[in-house]
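Residue numbers (the working numbering): 5 to 575. Every residue, glycine too, gets a C-beta built ideally from N, C-alpha and C. Inspection log for the structure reproduced underneath, given as C-alpha cells.
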C-alpha cells in the first residue's frame with residue numbers, strides 16, 4: 005500500500021532536501037578541516053623561522069654579526085620565541101547582541117509562492133576588541149588600511165644572519181595575525197560524526213527546538229548561547245551553527261519524504277475511490293475509502309505545517325547565527341591577509357637586500373650535525389608547504405560546500421537565454437546578503453591558485469635535495485654514513501612523494517580553465533625552479549607568497565565592500 009524509497013528519492017522535493025543535507029554536512033566537515041589546517045599552518049610559521057635561521061647561520065661568515073632589533077617590525081612587546089612554539093591560546097570574545105527579530109526569510113517553502121519573500125535585516129559586523137599581544141589587528145580586521153612599518157636601512161647591505169633573524173620575527177608576526185580567525189574556529193573539540201546527523205539523539209539535540217511548538221523558535225534559538233553541545237564548546241561558532249543546521253536539515257528531509265509518501269498514497273486512494281464509484285460499489289466500501297482519504301488529508305496538512313515550521317527554524321538559525329558569523333569571519337580573514345601581505349613583502353625585501361652568499365660555501369664537507377640541520381630544514385619546508393596547501397584547499401572546499409547549501413535554499417528556476425542557461429545571481433532575485441556574499445566568496449575562491457607558491461617552495465627544496473644528496477653520497481663513499489641519518493633521509497623522501505601526490509590530486513580536481521591559467525602563470529615564472537642559490541630560492545618563495553596574498557587580500561576587500569554596501573542599503 006506504500007511506495008518504495010527509490011520512487012520517493014526521485015521526487016524533486018525529496019531530492020532537493022537530500023542535496024541540502026549533503027552540502028551542509030560537507031560544509032560542517034570542511035569547517036573542521038579549516039580549523040585544523042589553520043592551526044597547523046600557524047604552527048608551521050612559528051617553527052620554520054628558527055630552522056631557516058639556524059641553517060643559514062652554519063654557512064655564513066662570522067664577521068657579519070649585528071645586533072638584532074625585533075621592534076623594527078612589531079611595536080608591541082612579545083615574549084622571546086622558542087624554537088618550536090605551540091599554537092597560540094584562544095581569547096574568547098563576548099557574543100554579539102541578538103539581531104532584530106522581524107525577519108521574513110523564506111528559504112524552503114513547498115506550499116507558498118515566492119511573492120512572500122522579503123528582504124531581511126542585515127547585521128552589522130562584529131568588532132573584536134584589541135589584543136594585548138598583537139599589532140594593529142583590531143584595525144585590519146575592520147578592513148582599514150594597514151599602516152606599513154617602515155624599514156630603517158644602514159648604508160651597507162645587511163648580513164644574511166641578521167636578515168634571517170628578522171625573517172624569523174616576520175614569520176612569528178604572520179602567525180599572530182591569524183589568531184583572530186582562529187578564535188572563530190572549532191579547534192580541539194569533540195568532532196561531528198556523520199551518524200549523529202543522520203540519526204540525531206532527540207534527548208541531546210532536539211530538546212532546544214521543539215517542532216511540536218514551533219512558535220517558541222525565537223526563544224529556543226537564544227538558549228543555544230552557552231549550551232555545551234560538544235563537551236567543551238562554550239559559545240556558538242561556525243561549526244556549532246552548522247552542526248545545528250545539519251540536525252534540522254535531516255529533520256526536514258525526513259518530514260518532506262514522509263509527506264510525499266502520504267501525498268502519493270492519498271492520490272492512489274483518490275483513484276481507487278473514483279473506480280469504486282464508477283463501478284457502483286456498495287456504500288460501506290465507498291465510505292471506508294472516503295474515511296481513509298480524509299485521514300490522509302489531515303496527516304498531509306500536519307506534515308505541511310511541520311515542514312513550514314522546520315524551514316522557519318532553519319531560516320532563523322541562518323539569519324541570526326550563521327550570517328553574523330560569516331560576516332565576522334570574512335572581516336577577520338581580510339585583516340589577517342593584509343597583515344600577512346606586509347610580512348611577506350618585508351621578508352622579500354630582507355632577503356633581497358642581504359649580502360649575497362656564495363654557493364661554494366655549501367660545497368665544503370658537512371658533519372653529521374650539519375646534515376641533521378639540512379634534514380630538519382627540508383622537513384620543516386615540506387611541512388610548511390603541505391600545511392599551506394591543506395589550509396587553502398580546506399578554505400576553498402568549505403566555501404564551495406557552504407555556498408552549495410545556500411543556493412539550494414533559494415527558489416530558483418534557470419533562466420533561458422540565447423546562449424543557453426544564464427548564470428545564477430542571487431542579487432537579481434532580491435536574495436538576502438548572505439546569499440549574495442557567499443556566491444561571490446565562492447567565485448573568488450574558485451579562481452584562486454596557490455600553485456605558484458607550491459612550485460616556488462618545491463624549487464627551493466630541489467636545492468636542498470642537491471645539497472643533501474651530495475653530502476650523503478660523500479659519507480657513503482667514505483663508509484661513514486650514520487644509519488639514523490640514512491633513516492631520516494628515507495622518511496623525508498617518502499613524505500615528499502606523499503606531498504606531491506596530494507598536490508597533483510588536487511590539481512586534477514580543478515576546473516580546466518583554472519588549470520590552464522595556472523600553466524600559463526608557471527610558464528611565465530619558469531625560473532622559479534631554476535634556482536641559482538638558496539638565497540634566490542627564498543626570494544622566489546617570498547615573491548610568490550606576496551603575489552598570492554595580494555590576490556586573496558583584494559578578493560576579501562571586495563567581499564567586505566559588498567557587506568558594507570548591503571549594510572548601508574538596508575540601514
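Please report the straight-line C-alpha distance between residue 356 and residue 543, rounded to a whole angstrom.
Straight-line Cα distance between these residues: approximately 7 Å.
Could you tell me the distance, in whole angstroms, from the CA atom of residue 436 to the CA atom of residue 415?
For residue 436 and residue 415, the distance between alpha carbons rounds to 13 Å.
What residues in its chain sit with their C-beta under 6 Å from that of residue 23, if we drop five residues either side in the sequence?
412.
Could you give the C-beta distance for residue 249 and residue 318, rounded to a whole number, given that I count them as a contact under 8 Å?
Between residue 318 and residue 249 the Cβ distance is about 6 Å, and since that is below 8 Å, they are a contact.
Ordered along the chain, which non-local residues of its own chain (more than five positions away) have a Cβ less than 7 Å from that of residue 174?
Within the same chain, residue 174 has close Cβ partners 77, 347, 350 and 351.
Please confirm whether residue 381 and residue 56 have their CB atoms less than 8 Å apart.
Contact flag set, yes.
Hey, is the stretch 303-317 in contact with the stretch 46-54, meaning 3+ C-beta pairs nearer than 8 Å?
With a cut-off of 8 Å, the stretch 46-54 and the stretch 303-317 do not count as touching, because too few Cβ pairs lie within range.
For residue 358, does the three-state DSSP call read helix, strand or coil?
Of the three classes helix, strand and coil, the one that applies to residue 358 here is strand, per DSSP.
By Cβ distance below 6 Å, which residues in the same chain neighbour residue 39 in space, the five residues on each side in sequence not counted?
Counting only Cβ-Cβ distances below 6 Å, and skipping sequence neighbours, we find 189, 190 and 191.
Among 400, 338, 326 and 270, which has the Cα closest to the Cα of residue 37?
The option with the nearest alpha carbon to residue 37 is 400.
Between the stretch 440-447 and the stretch 563-571, do three or more beta carbon pairs fall short of 8 Å?
Yes: at least three Cβ pairs fall under 8 Å.
Please classify residue 242: does DSSP put it in a helix, a strand, or coil?
Helix at residue 242.
By a C-beta neighbour count over all protein chains shown, 10 Å radius and 16 as the cutoff for buried, is residue 432 buried or exposed?
Classification for residue 432: exposed.
Within a Cβ cutoff of 7 Å, which residues of the same chain sit near residue 245, ignoring the five residues on either side of it in sequence?
The residues are 321, 325, 326 and 329.
Since residue 334 and residue 558 should fall inside the 8 Å C-beta cutoff, what is the C-beta to C-beta distance between them, to a whole number of angstroms?
With a Cβ gap of about 13 Å, residue 334 and residue 558 do not count as contacting.
Below 7 Å CB to CB, which residues in the same chain sit around residue 45 once its five sequence neighbours on both sides are set aside?
For residue 45, where only same-chain residues beyond five positions count, the Cβ hits under 7 Å are 391, 392 and 395.
Cα separation between residue 470 and residue 43?
Taking the straight line joining both Cα atoms gives about 31 Å.
Do you know how far the Cα of residue 251 is from the Cα of residue 13?
Cα to Cα, residue 13 sits roughly 19 Å from residue 251.
Residue 402 and residue 48 - do their beta-carbons sit closer together than 8 Å?
No, these two residues do not count as a Cβ contact at 8 Å.
How would you label residue 548, buried or exposed, when you count the other beta carbons within 10 angstroms and need 16 or more for buried?
Buried: at least 16 other Cβ atoms inside 10 Å.
For residue 122, does the count of other Cβ atoms within 10 angstroms reach 16, so buried, or fall short, so exposed?
Note that residue 122 scores a pLDDT of 36, beneath 50, so its modelled location is shaky and nothing firm can be said.
Can you have a look at residue 184 and say buried or exposed, based on whether 16 or more other CB atoms are within 10 angstroms of its CB?
So residue 184 ends up on the buried side.
In the structure shown, what three-state DSSP assignment does residue 18 receive?
If DSSP states are grouped into helix, strand and coil, residue 18 belongs with the helices.
Looking at the unbroken alpha helix (DSSP H) that takes in residue 322, where does it start and where does it end?
Run containing residue 322: none; DSSP gives neither H nor E here.
Considering residue 545, what are the terminal residues of the alpha helix (DSSP H) in which it resides?
Where residue 545 is concerned, the enclosing alpha helix (DSSP H) stretches over 538-574.
Taking residue 560 as the reference, which of 447, 462, 474 and 473 has the closest Cα?
The shortest C-alpha separation from residue 560 is found at 447.
Rounded to a whole number of angstroms, what is the C-alpha to C-alpha distance between residue 288 and residue 21?
Between residue 288 and residue 21, the C-alpha separation is close to 40 Å.
Taking Cβ to Cβ, would you say residue 274 is nearer than 8 Å to residue 299?
Not closer than 8 Å, so no.
Between residue 345 and residue 554, is the Cβ-Cβ spacing less than 8 Å?
Contact flag set, yes.
Helix, strand or coil for residue 413? Go by DSSP, reduced to three states.
The answer is coil: DSSP assigns residue 413 none of H, G, I, E or B.
Could you compute how far the alpha carbon of residue 16 sits from the alpha carbon of residue 260?
Each residue's Cα considered, the two are about 11 Å apart.
Quick check: the Cα distance between residue 1 and residue 276, rounded to an integer number of angstroms?
The question about residue 1 has no answer here: the residues shown for the chain are numbered 5 through 575.
Measure the C-alpha to C-alpha separation of residue 472 and residue 465 and round it to an integer number of angstroms.
Each residue's Cα considered, the two are about 10 Å apart.
Could you check if residue 451 is buried or exposed, using at least 16 other CB atoms within 10 Å of its CB as the buried criterion?
It is exposed - the Cβ of residue 451 has fewer than 16 other Cβ atoms within 10 Å.
Below 8 Å on the Cβ atoms is my contact criterion, and I expect residue 315 with residue 256 to pass it. Report the Cβ-Cβ distance as a whole number of Å.
Indeed, because the Cβ distance is near 7 Å, the residues count as touching under 8 Å.
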